[in-house]
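What follows is a set of notes on a single structure, which appears directly below.
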Amino acid sequence: MTEFLIWGGVVVGGAGTLAGLWRVIRAFARVVRKLSHFADDWFGQEARPGVPERPGVMARLESIEDYVRSVQHEVVPNSGASLRDAVDRIESKTRSGE
Numbered sequence: 012m013t014e015f016l017i018w019g020g021v022v023v024g025g026a027g028t029l030a031g032l033w034r035v036i037r038a039f040a041r042v043v044r045k046l047s048h049f050a051d052d053w054f055g056q057e058a059r060p061g062v063p064e065r066p067g068v069m070a071r072l073e074s075i076e077d078y079v080r081s082v083q084h085e086v087v088p089n090s091g092a093s094l095r096d097a098v099d100r101i102e103s104k105t106r107s108g109e
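For the sequence shown, the residue numbers in the working numbering are 12 to 109.
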């Protein structure tokens, strides 16, 4: 009877240890998966058959900066070629009565 209880304790202890290890491994796998998704978003992904290319964060920031530069060129007075310069010309002509 005592031997049965000892083996029962070993089995229950082993099952508990395996369950604990499983939880740790699953948690680690989730963290690794999230880091993998983050890396894919940060560095981008190459085009695959049926899936278009996804640019990374730095490429996206570069395109946003280019867009902001083009908008800034239009809203800041410069050599006379911007939208702001055109509005200023129209305003000055309107005020002078031309």
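Virtual Cβ for every residue (Gly too), placed ideally from N, Cα, C.
Asked	Found
If we ignore side chains and look at the alpha-carbon of each, how far apart do serine 74 and glycine 25 end up?	56 Å
For the segment 65-81 and the segment 37-56, state whether three or more C-beta atom pairs, one from each stretch, are separated by less than 8 Å.	yes
Counting only the same chain and skipping the five closest in sequence on each side, list residues whose C-beta sits under 8 Å from that of valine 86.	Ser93, Leu94, Arg95
Return yes when the Cβ of proline 88 is within less than 8 Å of the Cβ of aspartate 77, no when it is not.	no
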